[in-house]
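Protein chains in written order, with my numbering: chain A, 37 to 819; chain B, 198 to 470. All C-beta atoms, glycine included, are put in the ideal place defined by N, C-alpha and C.
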Ligand SMILES: Cc1cc2nc3c(=O)[nH]c(=O)nc-3n(C[C@H](O)[C@H](O)[C@H](O)COP(=O)(O)OP(=O)(O)OC[C@H]3O[C@@H](n4cnc5c(N)ncnc54)[C@H](O)[C@@H]3O)c2cc1C
């Protein structure tokens with residue numbers, strides 16, 4: 037069976053997950069291991085007056101005063117006027133969000149550690165709380181960080197001059213949009229187990245992370261150790277989505293405890309900790325003014341974007357990556373001539389903002405797609421036609437947009453047309469008319485986006501980050517038995533990378549992926565990679581494996597040629613063997629010759645061995661752009677405000693599909709999360725900054741019954757800049773659902789004059805929008 | 198999220214359970230599907246948990262003449278499946294099927310749900326519209342009976358006294374032939390209700406009840422609406438339902454009233470199409 041690039045095959049890792057034999061941090065059994073529980077702040081903003089540890093608890097309860105040699109997390113940025121925040125792993129002097137770690141307790145079991153945590157008494161003097169960006173930005177607002185002049189991490193400004201657009205516009209659309217704060221809710225929460233390995237004289241940290249090599253750097257820095265003294269291992273990880281791509285306080289505390297107590301220590305995040313202290317993403321506000329002509333052609337866009345980034349800047353991505361992405365990506369797939377945008381990264385009393393699947397783009401796509409539909413309604417044209425005239429056309433590729441993004445390949449209007457064809461716009465119109473007669477409200481909505489993926493060195497450097505990705509490395513080895521080993525410092529935690537990078541090796545070496553052992557996530561065993569984020573895994577790790585496997589194939593052929601007594605150029609590697617004409621020698625024979633019987637080979641045949649490490653990055657740093665259009669048909673029950681998704685299609689192009697089955701899975705999963713954003717998920721705070729949605733009974737996630745049967749369509753426009761023409765796709769499907777679904781809701785509600793501009797589109801929000809429209813028309817009738 | 202330390206016992210007889218309940222800070226546990234989360238959040242901090250769903254009496258479903266008895270320890274799943282020697286009213290099976298998810302229904306019990314008295318739960322409303330009577334024991338005296346309407350005093354508050362155990366509920370067996378409508382509005386499958394409308398009509402018995410559930414407190418009997426339906430066999434106008442709700446729930450906001458009104462009108466439409 038061909039298991040190379042393009043093969044639609046199940047994942048290598050499925051077997052252990054389905055049989056329950058995978059190994060997550062929580063599965064690790066270690067003699068003498070104690071469990072940790074944190075004392076967390078009950079208040080959102082307060083000064084710590086005292087922390088009282090009960091008598092007899094010495095050596096089992098620790099505060100920041102015990103950890104004098106542990107440096108705080110400090111995410112530097114080179115962006116001018118950016119303010120750094122020190123985030124001590126355990127609070128020092130102040131707490132800045134409800135759920136912040138104040139002390140840590142250890143005991144043989146988690147229950148006992150929690151018993152101990154209850155006996156620690158923390159006295160707090162409450163301070164004014166900023167639950168939203170407005171109050172944080174108010175003049176004289178209490179400051180989160182005492183040495184700052186205000187509560188702004190950073191403001192940025194982009195202005196290409198809108199005066200022409202303003203002068204020419206015949207249609208001006210003004211809107212305010214908001215997106216809710218969310219939790220990422222991976223099935224496995226965070227988790228860390230650390231111990232001191234006496235033989236290696238090294239701190240070993242098992243941690244549920246997407247970025248093991250980065251965490252190794254971070255832990256070494258904060259614990260003031262040499263990198264060689266730290267080994268980070270990401271074992272099986274049950275979902276990341278961005279939640280696990282930053283250095284966590286708990287990772288530092290557990291590492292410090294293991295080092296100073298000499299005992300293995302584990303901490304496992306529970307769901308309540310996740311839904312409170314982990315409520316760290318997605319919350320944006322937009323004020324947009326779009327300038328268009330009578331045809332709906334977008335002439336210019338003016339935007340203010342506020343990101344509610346919480347109390348601390350995360351390492352290494354900082355509090356400002358989100359706003360940088362938002363400002364840069366708002367124009368999205370559209371050809372816009374003039375653009376001005378001001379971003380505001382505002383410190384509030386919430387957990388520090390962390391990039392989540394799609395990073396900023398689910399918000400900007402929602403804002404932009406609703407605006408496109410608003411323009412269409414204003415000029416009286418079909419929203420699809422308005423998309424068609426504004427999307428960047430295939431003939432314009434490669435295209436550099438107004439913010440300098442370089443769109444490498446693609447035909448964006450074609451994706452919109454294909455999505456429209458799949459969802460059967462004409463058939464829908466008939467159904468809508470029939471439904472109207474029965475008093476039912478159907479709507480259709482579209483949402484188009486581009487997904488910058490695998491952007492590299494220069495892009496991250498331009499965001500001012502202190503840690504920037506460069507060349508991704510991978511190792512590929514032919515083992516003595518003829519099987520293959522692949523090692524990558526990237527990680528696989530649901531995206532199927534363990535399978536797809538094996539497919540890339542399989543492509544070059546013609547070895548079945550079942551005979552390819554993939555090792556990832558262990559910094560003691562794998563070459564350096566900055567890890568899995570920004571839809572980079574397939575392009576970067578896949579590219580590095582490709583390069584290493586290609587080089588290995590040359591070495592294999594050299595040995596094969598020697599054994600077949602021909603020139604390497606005359607040979608071909610296929611079907612698990614090196615061929616010279618009809619004669620062949622198997623990979624196993626070649627491996628055995630090199631490892632076990634080098635006496636069969638001449639002295640100078642392949643002196644470098646059968647183990648190759650290569651570094652790779654695409655030939656441009658600007659990233660490769662995947663794109664898609666999503667379309668949704670919904671029915672809104674106007675008596676309950678409930679939305680039923682009756683049909684949902686995705687037409688996408690991510691270049692070469694390495695494994696179409698995995699790509700489908702990524703699309704389903706991403707779209708499911710996007711539907712959570714669109715309709716369900718919302719962290720709610722009271723006025724004192726207490727998170728009220730601290731269990732899954734209150735923080736509503738979509739379940740199988742709430743999800744439609746997604747229908748997918750694809751085209752494959754290869755990128756000329758990456759190995760095999762691959763583009764990243766991991767985040768994409770999470771970006772568009774809010775735009776498509778809320779556009780569909782607004783289409784359905786149009787006859788009532790109601791329009792939604794906030795997500796999630798809960799029954800309450802929908803009913804309130806309907807009531808508002810009804811009240812307005814009653815008032816009009818009365819006047 | 199681990200509970201405080203507690204002891205656990207499973208006495209073999211109802212009387213023993215009652216005396217065990219006398220101990221300081223002892224608490225009954227049935228399916229644990231409401232108590233479990235409260236324990237893990239340390240909102241419930243019992244010193245002893247006393248199991249009771251193993252008692253045969255609490256597991257029985259039987260006909261005593263014209264009265265159907267369903268034991269407090271019968272699970273939602275058993276009711277859903279009709280897993281009993283005696284036929285259950287179809288409405289009960291419908292209600293059970295829409296509680297939570299199967300895993301929760303496999304453990305959760307009728308008695309536990311009624312004792313817990315979550316306003317958004319299903320059985321408190323369903324048992325009110327069926328005019329069920331609770332059978333309550335304290336192990337020493339004779340069992341007492343308490344009608345479901347009135348049993349719940351507020352959110353998570355009931356007329357159960359310390360040491361008392363719900364043994365089961367009694368329902369008129371004739372309810373099996375009643376006309377009924379039960380509409381639960383919730384965010385997603387398996388979620389607690391945001392609004393419930395329930396109606397049961399039995400012309401032969403001249404029985405008519407209409408109940409609004411998932412309010413902030415006990416389910417509300419809308420007797421005027423029920424009487425009007427019984428008299429006219431016509432659906433009430435939406436405004437009438439709204440006015441009745443406004444009278445009973447002056448504090449409810451417009452969205453809540455809208456949901457309750459919709460649940461009620463849809464439940465009624467099942468009986469009077
Ligand atoms: C995810 C989830 C979703 C849910 N969704 C719904 C829903 O949609 N609708 C719904 O109605 N419910 C729902 N529930 C609650 C579920 O129905 C519970 O099973 C039920 O509320 C409690 O029953 P139990 O047997 O588990 O009681 P337990 O949790 O064991 O006990 C609950 C309380 O009742 C007391 N108690 C138990 N038995 C007796 C007795 N015989 N006499 C006196 N006191 C007693 C206990 O001391 C405790 O205080 C849901 C629960 C979960 C976890």
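*What whole-angstrom Cβ distance do residue 452 of chain A and residue 423 of chain A have, given they're in contact under 8 Å?*
Walking along the first chain from the start, residue 452 of chain A turns up at place 416. Walking along the first chain from the start, residue 423 of chain A turns up at place 387. Right, their Cβ atoms sit about 5 Å apart.
*asked:* Using beta carbons (cut-off 8 Å, strictly below), is residue 299 of chain A in contact with chain B?
replied: For the purposes of this step, residue 299 of chain A is identified with residue 263 of the first chain, where counting begins at 1. No, because no Cβ of chain B sits closer than 8 Å to the Cβ of residue 299 of chain A.
*Straight-line Cα distance separating residue 552 of chain A from residue 205 of chain B*: Translated into the one-based positions of the second chain, residue 205 of chain B becomes position 8. Translated into the one-based positions of the first chain, residue 552 of chain A becomes position 516. For residue 205 of chain B and residue 552 of chain A, the distance between alpha carbons rounds to 51 Å.
*Taking all protein chains shown into account, do 16 or more other C-beta atoms lie within 10 angstroms of the C-beta of residue 412 of chain B, making it buried, or fewer, making it exposed?*
Position 215 of the second chain, counted from the first residue, corresponds to residue 412 of chain B. By the neighbour-count definition (other C-beta atoms within 10 Å, threshold 16), residue 412 of chain B is a buried residue.
*Compare the C-beta of residue 739 of chain A against all C-beta atoms of chain B and say whether one is closer than 8 Å.*
The residue you call residue 739 of chain A lines up with position 703 of the first chain. At least one chain B Cβ lies under 8 Å of residue 739 of chain A.
*Reduced DSSP secondary structure (H/G/I, E/B, other) of residue 287 of chain A*: Your numbering for residue 287 of chain A matches position 251 in the first chain. Helix at residue 287 of chain A.
*Closer than 7 Å: is that where the CB of residue 244 of chain B sits relative to any heavy atom of ligand 1?*
Here residue 244 of chain B refers to the residue found at position 47 when the second chain is read from its first residue. Answer for residue 244 of chain B: no, Cβ out of range of ligand 1.
*Indicate the three-state DSSP secondary structure (helix, strand or coil) for residue 473 of chain A in the structure shown.*
Sequence index remark: in the first chain, residue 473 of chain A carries index 437 (1-based). In the displayed model, residue 473 of chain A falls within a helix according to three-state DSSP.
*asked:* Taking DSSP's pairing of strands, which residues face residue 70 of chain A in a bridge?
replied: Counting from one through the first chain, the residue named residue 70 of chain A turns up at place 34. Paired residues: A/301.
*Taking all protein chains shown into account, do 16 or more other C-beta atoms lie within 10 angstroms of the C-beta of residue 324 of chain B, making it buried, or fewer, making it exposed?*
Indexing the second chain from 1 puts residue 324 of chain B at position 127. Sixteen is the threshold: when 16 or more other Cβ atoms of the shown chains lie within 10 Å of the Cβ of residue 324 of chain B, as they do, the residue is buried.
_Looking at chain A, is there any beta carbon in it that lies within less than 8 Å of the beta carbon of residue 309 of chain B?_
In the second chain, counting from the first residue as 1, residue 309 of chain B sits at position 112. Chain A has no Cβ within less than 8 Å of the Cβ of residue 309 of chain B.
*From the beta carbon of residue 217 of chain A, is the nearest beta carbon of chain B less than 8 Å away?*
Taking the first chain and counting its residues from 1, the one referred to as residue 217 of chain A is at position 181. By this cut-off, residue 217 of chain A is not an interface position.
*Any non-hydrogen atom of ligand 1 closer than 7 Å to residue 301 of chain B Cβ*: Locating residue 301 of chain B in the second chain gives position 104, counting from the first residue. At least one heavy atom of ligand 1 is nearer than 7 Å to the Cβ of residue 301 of chain B, so yes.
_Given the structure, does residue 377 of chain B come close to ligand 1, in the sense that its CB is under 7 Å from one of the ligand's heavy atoms?_
The residue labelled residue 377 of chain B in the question sits at position 180 within the second chain. Not under cutoff, so the answer is no.
*Any chance the CB of residue 312 of chain B is under 7 Å from a heavy atom of ligand 1?*
For this step, residue 312 of chain B is matched to residue 115 along the second chain. Because some heavy atom of ligand 1 lies under 7 Å away, the Cβ of residue 312 of chain B counts as near it: yes.
_Given the structure, does residue 230 of chain B come close to ligand 1, in the sense that its CB is under 7 Å from one of the ligand's heavy atoms?_
The residue labelled residue 230 of chain B in the question sits at position 33 within the second chain. Residue 230 of chain B: yes, Cβ under 7 Å from ligand 1.
*Range of the contiguous beta strand (DSSP E) that encloses residue 143 of chain A*: Indexing the first chain from 1 puts residue 143 of chain A at position 107. Counting along the chain, the beta strand (DSSP E) containing residue 143 of chain A begins and ends at 137 to 143.
*In chain B, what lies closer than 7 Å to residue 676 of chain A by C-beta?*
Residue 676 of chain A sits at position 640 when you count from the first residue of the first chain. Chain B residues near residue 676 of chain A: 382, 456 and 459.
*Where residue 199 of chain B meets chain A, residues with beta-carbon distance less than 9 Å*: Reading the second chain from its first residue, position 2 is the one you call residue 199 of chain B. Those within 9 Å of residue 199 of chain B in chain A are 73, 145, 146, 147, 148, 149, 150, 151 and 306.
*Beta-carbon proximity list for residue 421 of chain B, same chain, < 8 Å, skipping 5 on both sides*: Against the second chain, residue 421 of chain B aligns to sequence position 224. Correct list, in chain order: 441.
*asked:* Counting only C-beta atoms, is residue 733 of chain A closer than 8 Å to chain B at any point?
replied: For the purposes of this step, residue 733 of chain A is taken as the residue at position 697 of the first chain. Chain B, which has a Cβ nearer than 8 Å to the Cβ of residue 733 of chain A, makes this yes.
*Residue ranges of each alpha helix (DSSP H) within the segment 363 to 450 of chain B, 4 or longer*: As summarised for the segment 363 to 450 of chain B, the continuous alpha helix (DSSP H) elements at least 4 residues long and confined to that stretch are 420 to 429 and 435 to 445, given in chain order.
_Residue closest to residue 41 of chain A, alpha-carbon to alpha-carbon, out of A/694, A/127 and A/375_ = If you number the first chain from 1, residue 41 of chain A lands on position 5. Of the candidates A/694, A/127 and A/375, A/694 places its Cα closest to the Cα of residue 41 of chain A.
*Going by the CB atoms, is the gap between residue 427 of chain A and residue 443 of chain A shorter than 8 Å?*
Start at 1 with the first residue of the first chain, and residue 443 of chain A comes out as number 407. Start at 1 with the first residue of the first chain, and residue 427 of chain A comes out as number 391. With contacts defined by Cβ atoms closer than 8 Å, residue 443 of chain A and residue 427 of chain A do not form a contacting pair.
*Between which two residues does the alpha helix (DSSP H) carrying residue 151 of chain A extend?*
For this step, residue 151 of chain A is matched to residue 115 along the first chain. Its alpha helix (DSSP H) spans residues 146 to 154.
*asked:* Given a cut-off of 8 Å on the beta-carbon distance, is the pair residue 382 of chain B and residue 456 of chain B in contact?
replied: Here residue 382 of chain B is taken as the residue at index 185 of the second chain, counted from 1. Here residue 456 of chain B is taken as the residue at index 259 of the second chain, counted from 1. Yes, the pair counts as a contact, with Cβ atoms nearer than the cut-off.
*Below 8 Å, can you find three or more Cβ-Cβ pairs linking the segment 249 to 265 of chain A to the segment 329 to 338 of chain A?*
No: fewer than three Cβ pairs fall under 8 Å.
*Return yes when at least one heavy atom of ligand 1 lies under 7 Å from the C-beta of residue 445 of chain B, else no.*
Position 248 of the second chain, counted from the start, is the residue given in the question as residue 445 of chain B. For residue 445 of chain B, the Cβ stays outside the 7 Å cut-off from all heavy atoms of ligand 1.
*Output, in sequence order along the chain, the residues in the segment 221 to 246 of chain B whose CB is closer than 9 Å to any CB in chain A.*
Going along the segment 221 to 246 of chain B in chain order, one finds 234, 237, 238 and 239 with a Cβ nearer than 9 Å to chain A.
*Any chance you could list the beta strand (DSSP E) runs of at least 3 consecutive residues sitting entirely within the segment 298 to 353 of chain A, in chain order?*
Taken in chain order, the complete beta strand (DSSP E) segments of 3 or more residues contained in the segment 298 to 353 of chain A are 301 to 304, 320 to 328 and 334 to 346.
_Residue burial classification, residue 365 of chain A (beta-carbon count within 10 angstroms, cutoff 16)_ = Locating residue 365 of chain A in the first chain gives position 329, where the first residue counts as 1. Of the other Cβ atoms in all chains shown, 16 or more fall within 10 Å of the Cβ of residue 365 of chain A; this residue is therefore buried.
_Contact list for the segment 298 to 329 of chain B against chain A, Cβ threshold 7 Å_ = For the segment 298 to 329 of chain B, no residue has a beta-carbon sitting nearer than 7 Å to a beta-carbon of chain A.
*What residue does the beta strand (DSSP E) around residue 232 of chain A start on, and which one ends it?*
By one-based count along the first chain, residue 232 of chain A stands at place 196. Per DSSP, residue 232 of chain A is one residue of the beta strand (DSSP E) stretching across 227 to 233.
*Could you give the distance in angstroms between the alpha-carbon of residue 655 of chain A and the alpha-carbon of residue 403 of chain A?*
By one-based count along the first chain, residue 655 of chain A stands at place 619. By one-based count along the first chain, residue 403 of chain A stands at place 367. So the alpha carbons of these two residues sit roughly 32 Å apart.
*Helix, strand or coil: which one does DSSP assign to residue 205 of chain A?*
By one-based count along the first chain, residue 205 of chain A stands at place 169. In the structure shown, residue 205 of chain A adopts coil according to DSSP, grouped into three states.
*May I ask you to verify whether the segment 229 to 248 of chain A touches the segment 563 to 572 of chain A, counting CB pairs closer than 8 Å and requiring at least 3?*
Enough Cβ pairs lie closer than 8 Å, so yes.
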